[in-house]
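Student: Have a look at the structure that comes next, please.
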Amino acid sequence: QVHLVESGGGLVQPGGSLRLSCVASGSIFSIVTMAWYRQAPGKLRELVASITSGGSRSNYADYVKGRFTISRDNRKNTVYLQMNNLKPEDTAVYYCNMQNSGYWGQGTQVTVSS
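Residue numbers for the sequence shown follow our numbering, beginning at 16 and rising by one.
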């Protein structure tokens with residue numbers, strides 16, 4: 016059994032920054048691809064970014080390229096999402112996901128508003 020716990024969300028003004036964290040329990044974290052998704056009200060959940068097990072490769076949705084950075088620390092079983100230059104359209108619940116496993120975190124709310 017794996018548990019994913021996100022933190023770091025909150026209210027931020029446009030142009031601001033937040034860093035999300037997701038801590039995973041269990042022993043398989045270091046061998047799996049991790050990802051961040053988000054879901055805005057009335058919209059489908061969408062992939063934001065993913066990172067391979069060793070952290071050597073990452074992928075981003077076009078709408079966050081150049082603004083968001085995904086990273087991981089396998090010693091801490093933690094994956095991060097650094098979000099810069101936030102826009103109101105980034106407002107959503109952000110979820111941590113262990114790819115191809117069905118494991119999801121509970122989500123953390125990010126609200127970008129002046």
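A virtual CB, placed ideally from N, CA and C, is assigned to each residue, including glycine.
#1: Per DSSP, Q54 is paired with what?
#2: How should Y78 be labelled, buried or exposed, when 16 other C-beta atoms within 10 angstroms of its C-beta is the threshold for buried?
#3: Hey, which unbroken runs of the beta strand (DSSP E) at 3 residues or more fall wholly within the stretch 30-95?
#4: Compute the beta-carbon to beta-carbon distance between A50 and A107, rounded to the nearest angstrom, for a pair I have assumed lies under 8 Å.
#5: Return the bridge partner residues of S22 from the DSSP annotation.
#6: Within the continuous beta strand (DSSP E) that includes V127, where are the two ends?
#7: Give me the Cβ distance between G23 and T126, rounded to the nearest whole Å; I'm assuming they're in contact under 8 Å.
#8: So does G24 have its beta carbon nearer than 7 Å to some heavy atom of the ligand MN?
#9: Exposed or buried, which one is Y26 when buried takes at least 16 other CB atoms within 10 Å?
#10: Does the Cβ-Cβ distance between L19 and G81 come in under 8 Å?
#11: Would you call L59 buried or exposed, if buried means 16 or more other Cβ atoms sit within 10 Å of its Cβ?
Tutor: So, from the listed chains and residues:
#1: V108
#2: exposed
#3: 33-39, 49-54, 61-66, 73-75, 83-88
#4: Wrong, their Cβ atoms sit about 14 Å apart, outside the cutoff.
#5: S36
#6: 123-127
#7: Wrong, their Cβ atoms sit about 13 Å apart, outside the cutoff.
#8: The ligand MN is not part of the structure shown, which contains no ligands of any sort.
#9: Note on identity: in this sequence residue 26 is Leu, with Tyr being the wrong assignment. So L26 ends up on the exposed side.
#10: no
#11: exposed
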